[in-house]
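Chains as they are written, first to last, in this note's numbering: chain A, 5 to 228; chain B, 5 to 228.
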DNA sequence: TCTCAAATTTAGTTAAGCCTAAAAAAGGAT
DNA sequence: ATCCTTTTTTAGGCTTAACTAAATTTGAGA
Ligand SMILES: [Mn+2]
Ligand SMILES: [Mn+2]
Ligand SMILES: [Mn+2]
Ligand SMILES: [Mn+2]
């Protein structure tokens, strides 16, 4: 019954967890989009996940899918693997922060509990990954993390970058090239209402950087 | 055509490589034994491996299987992964030498070229794994390694341990507990012809250790 | 040479996880 | 209420890599 935790199952659960955080639930098409499979494949897998004992997901009539506590536990285990691996690849093996997500996506399903424990020790039981995302603890509690979106700030407000969505390597390279990295402090110096562009002056940088909403919606901050 | 390199295919090629080293070829039942699958499954896979372009193995019905140069290249790539990973787990993550084989068996199929390169660098481009087995170089040359079996030594001969078969964790723990580890020098102090038992006095150890043929056949040495 | 047990292959299934095409169900707009 | 578009499910199939059971081949000993 616990051997049902195939790579595919783990990726579905992780995806449902992420979507539920953002939307409260996960729809068939959203899941299909993220995992790059056909919607019909999602229906098939979701059926399987409701049929396990204990069930790993709950289907709510017209409201998509949410994880059961059991499903969430599995998702958090995989997310812990993923984020520890990202940090390990970055800190110990010298990967840049745009390269770690893809490799961690594969390794997360394969490493043992021992491997997880050892890299956590080597890294000093870290609380956040290279993109600022919180790493669930060993008993799967989630450290605090910022939820305020950069797109909501306006000129003259100051803050610090806390967290950046990690799935687009090109964006990550662009951001780090311009000093937009976790812990960087900044002042908002401009806002254009037509397109939502924000201008930021990062402390210690010469030039301000202009970011569109596609970008500012993927960055989370703390206000000063 | 190169996407045919599934985990299963890689494990078959690695197994055929190992068996060919020892027996010149690999029989269906030998492969089935090592991989713990049914002989019929081996026949099926072997057929698939002869049908690729280029073919990865050469096969005559009922006469066993050998790798083609292409198949050998793939096998050596996986073996490089495996042995680098073993050393990395041991040196960097503090695994003991009996724990590394199982974990490396899973990870070897998943790590990228970049991961391989990085751990090789961190380890200083090592030539041998924790059990003394040679690590193929980046261009898949095999460093020299001892082929003289400990079971062939006789009293008063001196030598040094070079290499130990790595698949039995219990044996590995027993050996390291008694100082039988790569680079250890020793003198043979006894031999019993009935059972082939050898008595070894390891330099720096108080007590001699008696090893049966089941053990001495899995240890390779260099004579002094 | 013949016989027979061991080794190997063939044939037919299974399970996972994906696919496409078509049917059905929602839900917004008229 | 009806239409229409989007979302979701159903139905049927494919591929990979296992399995079991039965058939076949091999090669060693009588
Ligand atoms: Mn994954
Ligand atoms: Mn991340
Ligand atoms: Mn393996
Ligand atoms: Mn080894």
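For glycine and all other residues, C-beta sits at the position ideal for the given N, C-alpha and C. Keep in mind it's a predicted model, so treat the numbers as computed, not measured.
Can you give the beta carbon distance from residue i to residue j, rounded, assuming they're within the 8 Å contact cut?
{"i": "residue 173 (chain B)", "j": "residue 103 (chain B)", "result": "7 Å"}
{"i": "residue 168 (chain B)", "j": "residue 176 (chain B)", "result": "7 Å"}
{"i": "residue 89 (chain B)", "j": "residue 112 (chain B)", "result": "6 Å"}
{"i": "residue 224 (chain A)", "j": "residue 153 (chain A)", "result": "6 Å"}
{"i": "residue 222 (chain B)", "j": "residue 183 (chain B)", "result": "At roughly 16 Å, the Cβ-Cβ gap does not stay under 8 Å, so residue 222 (chain B) and residue 183 (chain B) are not in contact."}
{"i": "residue 243 (chain B)", "j": "residue 193 (chain B)", "result": "Residue coverage of chain B in this structure runs from 5 to 228, which leaves residue 243 (chain B) outside it and unanswerable."}
{"i": "residue 30 (chain A)", "j": "residue 19 (chain A)", "result": "7 Å"}
{"i": "residue 61 (chain B)", "j": "residue 50 (chain B)", "result": "6 Å"}
{"i": "residue 122 (chain A)", "j": "residue 97 (chain B)", "result": "4 Å"}
{"i": "residue 139 (chain A)", "j": "residue 87 (chain A)", "result": "4 Å"}
Would you mind telling me which residues of chain B sit closer than 8 Å to residue i, beta carbon to beta carbon, in chain order?
{"i": "residue 97 (chain A)", "result": "119, 122, 123 and 126"}
Just checking: is the beta-carbon of residue i within a distance shorter than 8 Å of some beta-carbon in chain B?
{"i": "residue 116 (chain A)", "result": "yes"}
{"i": "residue 110 (chain A)", "result": "yes"}
{"i": "residue 107 (chain A)", "result": "yes"}
{"i": "residue 9 (chain A)", "result": "no"}
{"i": "residue 5 (chain A)", "result": "Because the pLDDT at residue 5 (chain A) is just 47, under 50, the model does not fix this residue reliably, and the value given afterwards should be weighed accordingly. No, because no Cβ of chain B sits closer than 8 Å to the Cβ of residue 5 (chain A)."}
{"i": "residue 213 (chain A)", "result": "no"}
For residue i, go through chain B and note every residue whose CB falls closer than 7 Å to its CB, in chain order.
{"i": "residue 228 (chain A)", "result": "Those within 7 Å of residue 228 (chain A) in chain B number zero; the least Cβ separation is about 38 Å."}
Say whether chain A places a C-beta atom closer than 8 Å to the C-beta of residue i.
{"i": "residue 18 (chain B)", "result": "no"}
{"i": "residue 14 (chain B)", "result": "no"}
To which residues does DSSP link residue i through a beta bridge?
{"i": "residue 132 (chain A)", "result": "A:138"}
{"i": "residue 206 (chain B)", "result": "B:190"}
{"i": "residue 30 (chain A)", "result": "A:69"}
{"i": "residue 168 (chain B)", "result": "B:223"}
{"i": "residue 152 (chain A)", "result": "A:225"}
{"i": "residue 195 (chain A)", "result": "A:202"}
{"i": "residue 213 (chain A)", "result": "A:204"}
{"i": "residue 104 (chain B)", "result": "Residue 104 (chain B) is not bridged to any residue."}
{"i": "residue 178 (chain A)", "result": "Beta-bridge pairing links residue 178 (chain A) to no other residue."}
{"i": "residue 62 (chain A)", "result": "A:70"}
{"i": "residue 162 (chain B)", "result": "B:191"}
Anything with a beta carbon under 5 Å from a heavy atom of ligand 1 counts; list them all in chain order. A:15 and A:109
Which residues have their C-beta within less than 5 Å of a heavy atom of ligand 2, listed in chain order? A:90, A:133, A:135, A:137 and A:170
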